[in-house]
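*Asks:* Shown below is the structure under consideration.
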Amino acid sequence: MNAYQKVQLARSNLRPDANAYISQLIDGFIELHGDRRFADDAAVVAGLGYFEGQCVTVLALEKGVDTPERLRRNFGSAQPEGYRKTLWHMRQAQKFRRPILCLVDTAGAACGIGAEERGQGQAIAENLFEMMGLEVPVLSVIIGEGGSGGALALACANRVYMLENAIYSVLSPEGAASIIYKDADKVDEASEALKLSAQDMLRFGVIEGILQEGSQFELAADAIRNAFRKGLKQLQGLSGEQIRDQRYARFAKLGGNLR
Amino acid sequence: MLDKSMFKSPNLRLEHGLADGAGLPLVCPGCRREVSQEVFEQEFCQCARCGYTHKMSARQRIAMILDEGSFLELDAGLQSSDPLGFPSYREKLNQARTSSGEKEAVITGLGSIEGRRCAFFASEPGFMMGSMGAAVGEKLSRLFDRAAADRLSVVGFTISGGARVQEGIISLMQMAKVSGAVRRHSDAGLLYIAVLCDATTGGVAASFAMQADIILAEPGALIGFAGPRVIEQTTRQKLPEGFQRAEFQLEKGFVGKLCRRPEQKALLASLLAMHEVEPA
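Residue numbers (my numbering), protein chains in the order written: chain A, 14 to 272; chain B, 24 to 303.
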């Protein structure tokens, strides 16, 4: 499988969506809508529930299953209000001292006149700033596409995992092809050059682990459950400050081995 | 995606006038006025006749804003490697080093503004569009950490096309890393002022440019997450006049104040004075 085939696999409509994993992994999930500023963005699913008996905040970028739902959810590309919805829930998690579990599946943040008017850059920047100060565990799993800043806004985590066929990239292969190669058809080369597979991420130290998907949905869900369980256990017993500092140290070392 | 020409002066000599053609008059692309390099820099690289705002290098910013002789550069030798083995990236880096005369796309250090000490950074637009890779992320993180340790405010001028594509995911991670350093500096109760210049976009607009306590912008600067060309291509909509410009961002509530170059130094000094902290 070449790199672009991996991209296509990560984007496949046949992959389970975030809601499928939430219903499999979270008991008694209660979705809470809206950002309390402007609107409710359907590209983001946020709420409360229990993970193995522990109350958690769940944040997810949701692409939708069929075409009407995908349209309604803007194919998982969140508007600023989507990120502000997650920001509100992060602050609630901090207040009530509960862990945050994130599922990431997006081609990137929404791109458009409205998104710019309402401060897409500012919304993502504020998420990154807020997440770097959180004193509760944050665990993220990239379940399909991890597209750029729009994905990072739910992945400034203490632990980041990827499903084996997920991708994580600074820019879409299409975008890279047109910027770097000046040729939109060169997506194969661009996908290869961007090094966006889970295996690449593990090698760069960008993720803690690759989760095997196996042959059916339940196996992938189990892999995510195990990752969440392990991540929470590893952070158990740390003080809020230690959790925050661990998160910063995790990112501070990335790209830091320079002369 | 941004037009490359946005990051380059139309006349190379305007940016690197001291390197070659010194002494020859410069020609303003806006009105064809001839002006000497010396007068041009005294006029803040902005045409006194037509108001045309020329691109400024990081060094010109330092000369314009910091007290003469006060700048102490930090991590001057730090430069990006090629973490992905990205095709033709090494050649691009070499070209950028030669054409800009800098090792990386941001200059960081310590200095003073009207006698008030601060940590300072300025993006270098002539170095791969001011884009952020590992070296830019590392230099900025170290600057904010240093400022936190020394209890200094940070003043920064941003110009950037965003995360540097050639460093792939490592560039994306710099957004998180610098955000962490900004957050720690902020949690120490210290001031950070960002001056957003033309153009500040992508992963830089979505991280440290928009995380400052006080966000200023140069009039006319393009500020946004997605570049205008990408938005037009994606939405097939014509963008309104002035879309994403500093004046637009002021109106939408994302920029605190616009400030022309001749007034920047005094404004920054006033803001620093209002946030004086006890030395460590």
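The C-beta atom is built at its ideal place from N, Cα and C for all residues, glycine as well.
Since we're looking at a predicted model, the values are computed, not measured.
What do you get for Leu47/B, buried or exposed, if any count of 16 or more other CB atoms within 10 angstroms of its CB means buried?
*Replies:* Flag for Leu47/B reads exposed.
*Asks:* Cβ closer than 7 Å: which chain A residues qualify as neighbours of Gln234/B?
*Replies:* Neighbours of Gln234/B on chain A, chain order: Ala138, Phe142.
*Asks:* Go ahead and pull the three-state DSSP assignment for Ser36/A.
*Replies:* In the structure shown, Ser36/A sits in a helix (DSSP, three-state: H, G or I).
*Asks:* Within 8 Å of any Cβ in chain A, is that where the Cβ of Gln267/B sits?
*Replies:* Yes, Gln267/B lies at the interface with chain A (some Cβ there is under 8 Å from its Cβ).
*Asks:* Along chain B, in chain order, which residues have C-beta atoms closer than 9 Å to that of Leu207/A?
*Replies:* The contacting residues are Leu107, Phe109, Val188, Gly191, Ile192.
*Asks:* Could you check which residue in Val62/B, Glu274/B, Ala199/B has the C-alpha nearest to that of Tyr261/A?
*Replies:* Residue Ala199/B is the option with its Cα nearest to Tyr261/A.
*Asks:* When DSSP labels each residue in this structure, what does Ile256/A get in the three-state scheme?
*Replies:* Three-state DSSP puts Ile256/A in a helix.
*Asks:* Taking the alpha-carbon positions, what's the Gln287/B to Arg268/B distance?
*Replies:* So the two alpha carbons sit approximately 18 Å from each other.
*Asks:* Is it the case that the Cβ atoms of Leu186/B and Ser103/B are separated by a distance below 8 Å?
*Replies:* As written in the sequence, residue 186/B is Ala, which differs from the Leu given in the question. Cβ atoms of Ala186/B and Ser103/B: not closer than 8 Å.
*Asks:* Whose C-alpha, out of Lys115/B, Gln197/B, Phe180/B, is nearest the C-alpha of Ala244/B?
*Replies:* Ranking the options by Cα distance to Ala244/B, first place goes to Phe180/B.
*Asks:* Which same chain residues end up closer than 6 Å to Phe271/B when comparing Cβ atoms and leaving out the 5 residues on each side of it in sequence?
*Replies:* Within the same chain, Phe271/B has close Cβ partners Gly265.
*Asks:* Applying a beta-carbon distance threshold of less than 9 Å, which residues of chain B neighbour Glu94/A?
*Replies:* Correct list: empty, because the minimum Cβ distance to chain B is about 14 Å.
*Asks:* Is DSSP giving Asn34/B helix, strand or coil here?
*Replies:* Reliability fails at Asn34/B, whose pLDDT of 44 lies under 50, so the model's placement of it is uncertain and no value is given.
*Asks:* Which chain B residues are close to Gly89/A, counting only those with a beta carbon under 7 Å from its beta carbon?
*Replies:* None at all; the shortest Cβ gap to chain B is about 15 Å.
*Asks:* Please list the partners that Leu165/A has in chain B, where partner means a Cβ-to-Cβ separation under 7 Å.
*Replies:* Simply Leu195, Met198, Ala199.
*Asks:* Quick one: what's Leu116/A bridged to in DSSP?
*Replies:* According to DSSP, Leu116/A bridges with Ala73/A, Val154/A.
*Asks:* Strictly below 7 Å CB to CB, what residues from chain B border Ile193/A?
*Replies:* The answer, in chain order, is Val188.
*Asks:* Give the interface partners of Ala157/B over in chain A, defined as CB-CB distance under 7 Å, in chain order.
*Replies:* The contacting residues are Gly268, Leu271.
*Asks:* Using a cut-off of 9 Å between C-beta atoms, extract the partners of Lys275/B located in chain A.
*Replies:* By Cβ distance, chain A contributes Glu129, Glu130, Arg131, Gly132.
*Asks:* How big is the Cα-Cα spacing for Asp54/A and Ala99/B?
*Replies:* Their Cα atoms are separated by approximately 44 Å.
*Asks:* Does any CB atom of chain A fall closer than 8 Å to the CB of Asp221/B?
*Replies:* Output row for Asp221/B: interface = no.
*Asks:* Which residues in chain B sit within 7 Å of Val183/A, going by Cβ to Cβ distance?
*Replies:* Near Val183/A (Cβ distances below 7 Å), the residues of chain B are Ala186, Val188, Gly191, Ile192, Ser194, Leu195.
*Asks:* Does the Cβ-Cβ distance between Phe241/A and Phe64/A come in under 8 Å?
*Replies:* Going by C-beta atoms, Phe241/A is nearer than 8 Å to Phe64/A.
*Asks:* Does Cys124/A come within less than 8 Å of chain B when only Cβ atoms are used?
*Replies:* Judged by the 8 Å Cβ criterion, Cys124/A is in contact with chain B.
*Asks:* Quick test of your reading: Ala292/B and Glu125/B, contact by CB under 8 Å. State the CB separation rounded to the nearest angstrom.
*Replies:* That pair is no contact at about 26 Å.
*Asks:* Kindly identify the DSSP beta-bridge partner or partners of Thr257/B.
*Replies:* Per DSSP, none; premise fails for Thr257/B.
*Asks:* Considering just the uninterrupted stretch of the beta strand (DSSP E) at Met175/A, what are its terminal residues?
*Replies:* Note, Met175/A: beta strand (DSSP E), 172 to 176.
*Asks:* Checking the sheet assignment: what are the DSSP bridge partners for Ile130/B?
*Replies:* Answer is Ala145/B.
*Asks:* To the nearest angstrom, how far is it from the Cα of Thr307/A to the Cα of Arg49/A?
*Replies:* This structure cannot speak to residue 307/A, because chain A is shown only from 14 to 272.
*Asks:* Whole angstroms is fine: what's the gap from Glu177/A's alpha carbon to Arg120/B's?
*Replies:* The straight-line gap from Cα to Cα measures roughly 38 Å.
*Asks:* Taking only beta-carbon atoms, is Thr258/B less than 8 Å away from chain A?
*Replies:* Yes, because at least one Cβ of chain A sits closer than 8 Å to the Cβ of Thr258/B.
*Asks:* Does chain B have any CB closer than 8 Å to the CB of Val210/A?
*Replies:* For clarity, residue 210/A is Ser in the given sequence; the question names Val instead. No, because no Cβ of chain B sits closer than 8 Å to the Cβ of Ser210/A.
*Asks:* Okay, do the segment 206 to 225 of chain A and the segment 189 to 198 of chain B touch, 3+ Cβ pairs below 8 Å being the bar?
*Replies:* Yes, the segment 206 to 225 of chain A touches the segment 189 to 198 of chain B.
*Asks:* Short of 7 Å in beta carbon distance, which residues of its chain neighbour Asn34/B, apart from the five on each side in sequence? Order them along the chain.
*Replies:* For Asn34/B, the predicted structure reports a pLDDT of 44, less than 50, and the residue's modelled location is therefore unreliable. The matter cannot be settled from this model.
*Asks:* Quick one: which residues of the segment 88 to 104 of chain B get their C-beta closer than 8 Å to a C-beta of chain A? List them in chain order.
*Replies:* Going along the segment 88 to 104 of chain B in chain order, one finds Gly100, Leu101, Gln102, Ser103, Ser104 with a Cβ nearer than 8 Å to chain A.
*Asks:* I want to verify the contact list: residues of chain B whose CB lies under 9 Å from the CB of Val219/A, in sequence order.
*Replies:* Chain B residues near Val219/A: Ile192, Ile193, Leu195, Met196.
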